[in-house]
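**Student:** Just add 174 to the spot in the sequence shown (first one is 1) and you have this note's numbering.
In this text, a Cβ means the ideal position worked out from N, Cα and C, and glycines have one as well.
Quick caveat: nothing in here was measured; it's all calculated off a predicted structure.
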Amino acid sequence: MAINKEQYNALKAELNRQGVTLVAVSKTKPAADIQALYDLGQRDFGENYVQELADKQAQLPADIRWHFIGHLQSNKVKYIAPFVHLIHGVDSPGLLKEINKQAAKNNRRLPCLLQVHIAQEETKFGLDASELAELVQQVAAGTFSAADVQGLMGMASFSSDTSLVRQEFEYLKTLFDKSLITLPGFTMLSMGMSGDYALAIAAGSNLVRIGSLLFGQRTAS
Ligand SMILES: *Cc1c(COP(=O)(O)O)cnc(C)c1O
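Here you go:
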């Protein structure tokens, strides 16, 4: 499956106008497709699986900024800690603690986002509002100083009900603004995928994670 060049250029221009960062989600797609998008100027790529990310990182250009956007198990942080650009899905204090530990081991700060559960599906991961508030307090207290927490991430319900999806994104934006009171350094709000990125941006997203629109549908994941 080849990448869609016209789609990429149009999307990139649209997002640039709005000051929104594009993470091209390349999970399950071959390295050749990533290279093709790289050759068009794309540098931020997102992956969901640790082994797949490590394999691709080893064979693709060194200046790619790799985003880990999947559900991350604490015992696998060590495999991506040396090179990952941003971990989007921090959904527990235990995971943040491990990220903090691996950051220190690698003599770097590890940028990451706290994932909030905003969808109706129980299968999706993330903190609820009170867990988030508690973790934000701990971050502000300096408990995880090597983990560089830069903002929030969330996934809306997989639904054609646009008012529901809009409400969920607006809810996350509210939590983001609330977190800013305690952590004024927060800059990133990662929300929006191929099917709902316009709603996410309207609600205040400044980082979208887009896969199928650029790379075509995934046959398996
Ligand atoms: C797969 C995935 C995406 C991209 O989904 P598309 O619908 O293909 O754009 C975005 N975010 C997360 C967390 C994903 O797992």
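1) Determine, using beta carbons only, whether M362 and R383 come nearer to each other than 7 Å.
2) Hey, G263 and Q233: beta-carbon distance below 7 Å or not?
3) What residue range is occupied by the uninterrupted beta strand (DSSP E) comprising T195?
4) So, using beta-carbon positions, are L211 and A228 closer together than 7 Å?
5) Could you work out which residue in G390, K203 and L373 is closest to L146 when comparing CA atoms only?
6) Using a threshold of 6 Å, is the CB atom of V382 nearer than that to any non-hydrogen atom of ligand 1?
7) What residue from Y345, M329 and N274 has the CA that sits closest to T317's CA?
8) With H, G and I counted as helix, E and B as strand and the rest as coil, what does DSSP make of V258?
9) By DSSP's criteria, D218 is part of a beta bridge. Which residues make up the other side?
10) Distance, Cα to Cα, A277 vs D237?
11) For L306, does the count of other Cβ atoms within 10 angstroms reach 16, so buried, or fall short, so exposed?
12) Leaving out the 5 sequence neighbours to the left and right, which residues in its chain are closer than 6 Å to A320 when beta-carbon positions are compared?
**Tutor:** This is what the structure gives:
1) no
2) The answer is no: Cβ separation not under 7 Å.
3) Per DSSP, T195 belongs to the beta strand (DSSP E) from T195 to V199.
4) no
5) Because the chain in this structure spans residues 175 to 395, residue 146 falls outside the shown range and cannot be described.
6) no
7) Of Y345, M329 and N274, the residue nearest in Cα terms is N274.
8) coil
9) R239
10) Those two C-alpha atoms are separated by around 20 Å.
11) L306 should be labelled buried.
12) N274, A277, A278 and R283
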